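Undergrad:
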Amino acid sequence: MARNREKKGSLLHQVKIALDSKLAIGESKFLDKQNGLTNNKIYSWETYRTYLKHNIYFINWVKEVYNCKSLEECKPYINNWLIYRESQGLSTYTLKVESSALRKLFNISSEDIYKLKPRERKDIQRSRGDKIRDKHFSEKNHEDLVRFCRATGLRRGELKELKGTDLKIIDSNAFISISRGSKGGRPRQIPLLFDEPFIINFMTSKENKKIFDKIPNGADIHGYRAEYCTKVYKKYARDISNIPKNEKYFCRKDLKGTCYDKKAMLIASQYLGHNRIDVIAGHYIRG
171 MARNREKKGS
181 LLHQVKIALD
191 SKLAIGESKF
201 LDKQNGLTNN
211 KIYSWETYRT
221 YLKHNIYFIN
231 WVKEVYNCKS
241 LEECKPYINN
251 WLIYRESQGL
261 STYTLKVESS
271 ALRKLFNISS
281 EDIYKLKPRE
291 RKDIQRSRGD
301 KIRDKHFSEK
311 NHEDLVRFCR
321 ATGLRRGELK
331 ELKGTDLKII
341 DSNAFISISR
351 GSKGGRPRQI
361 PLLFDEPFII
371 NFMTSKENKK
381 IFDKIPNGAD
391 IHGYRAEYCT
401 KVYKKYARDI
411 SNIPKNEKYF
421 CRKDLKGTCY
431 DKKAMLIASQ
441 YLGHNRIDVI
451 AGHYIRG
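Numbered as in this note's numbering, the sequence shown ends at 457 without a single skipped number.
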């Protein structure tokens with residue numbers, strides 16, 4: 171019976187059809203962004219699965235509370251849902267994901283949806299202290315992965331797709347060429363600044379195979395990226411007392427009083443694949 175209802179157009183079926191129509195796997199988000207064509211596209215299966223999960227939470231709620239049968243009937247209750255979820259004390263990160271999922275599903279802009287409370291750095295729990303999932307991951311048993319991450323700062327998706335042949339030597343300088351798994355499909359080259367002999371030997375030994383067969387869920391990839399970012403920043407940072415005021419980045423809110431070198435921040439941000447210094451100021455540079 172449930173299968174027949176889905177074929178006739180259950181809410182779940184409608185959500186799947188709507189999200190499926192937006193799949194753009196293999197297309198360049200970076201190029202589309204330059205042309206303003208990203209609004210109605212989903213570029214990765216990971217994003218698709220995340221949006222599907224959070225939209226299912228929403229339709230289950232509106233179906234129970236308002237007895238909605240179609241997505242059009244659900245649409246007026248989007249803001250009610252976000253307000254309800256906010257009142258549950260969910261993290262701002264989760265709320266932001268839910269908002270993004272709903273905007274994508276219903277083709278609405280951020281201006282036409284409930285404005286979530288500003289995200290404060292002090293509220294972010296990601297990679298701060300030991301988490302339950304970390305207890306199921308042994309850095310000792312995954313020494314090569316941890317060492318590689320701390321030396322390169324790659325994202326989880328980039329690590330999954332990286333091959334030995336992505337190591338490039340240009341004028342005697344070693345680089346890692348990122349062309350798959352990057353955020354927004356944006357390619358970049360990362361110079362090897364740390365642990366170079368290990369990285370070169372490790373990647374060369376893999377030849378045309380993937381560097382890692384699997385990236386454990388418990389691995390704190392974001393934390394390793396933060397360590398890498400901090401090292402890059404410190405490598406290029408100038409004496410803060412000797413640079414012009416317009417080249418200084420003054421932190422606000424809970425980091426008020428902290429000052430960074432903008433040029434060093436930009437380099438670190440570019441190596442991470444962000445190109446935004448405000449992102450690394452709040453979420454990556456440590457100490």
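Using N, Cα and C, we set each Cβ at its ideal position, and we do this for glycine too.
As the structure is a prediction and not an experimental result, all values here were calculated from the model.
Can you tell me whether ILE447 is helix, strand or coil according to DSSP?
TA: Residue state, collapsed to three classes: helix.
Undergrad: Classify TYR454 as helix, strand or coil using the three-state DSSP reduction.
TA: It is coil, neither helix nor strand.
Undergrad: Closest to TYR398 by C-alpha separation, out of LYS384, PHE364, SER411 and GLY427, would be which residue?
TA: Minimum Cα distance to TYR398 is reached at PHE364.
Undergrad: By a C-beta neighbour count over all protein chains shown, 10 Å radius and 16 as the cutoff for buried, is THR217 buried or exposed?
TA: Flag for THR217 reads buried.
Undergrad: Between LYS266, PRO246 and LYS245, which lies nearest to ARG255 when the distance is taken from Cα to Cα?
TA: The shortest C-alpha separation from ARG255 is found at LYS266.
Undergrad: For LYS404, which of LYS433, PRO361 and TYR263 has the nearest alpha-carbon?
TA: Minimum Cα distance to LYS404 is reached at LYS433.
Undergrad: So what does DSSP say about ASP424, is it helix, strand or coil?
TA: Looking at ASP424 - three-state DSSP - the assignment turns out to be helix.
Undergrad: In or out: TRP215 buried (at least 16 other Cβ within 10 Å) or exposed?
TA: Flag for TRP215 reads exposed.
Undergrad: To the nearest angstrom, how far is the alpha carbon of ARG273 from that of LYS415?
TA: The straight-line gap from Cα to Cα measures roughly 40 Å.
Undergrad: Quick one: is HIS444 buried, meaning 16 or more other Cβ sit within 10 Å of its Cβ, or exposed?
TA: Looking at its Cβ environment, which holds 16 or more other Cβ atoms inside 10 Å, HIS444 is buried.
Undergrad: Given that a residue counts as buried once 16 or more other Cβ atoms are within 10 Å of its Cβ, and exposed if not, what is HIS183?
TA: So HIS183 counts as exposed.
Undergrad: Report the three-state DSSP secondary structure of GLN359 (helix, strand or coil).
TA: The answer is strand: DSSP assigns GLN359 an E or B state.
Undergrad: What residue range does the alpha helix (DSSP H) around LEU315 cover?
TA: Note, LEU315: alpha helix (DSSP H), 313 to 322.
Undergrad: Taking only runs of the alpha helix (DSSP H) that begin and end inside the stretch 376 to 434, which ones reach a length of at least 4 residues, in chain order?
TA: Taking only runs of at least 4 residues, the alpha helix (DSSP H) segments lying wholly in the stretch 376 to 434 are 391 to 406.
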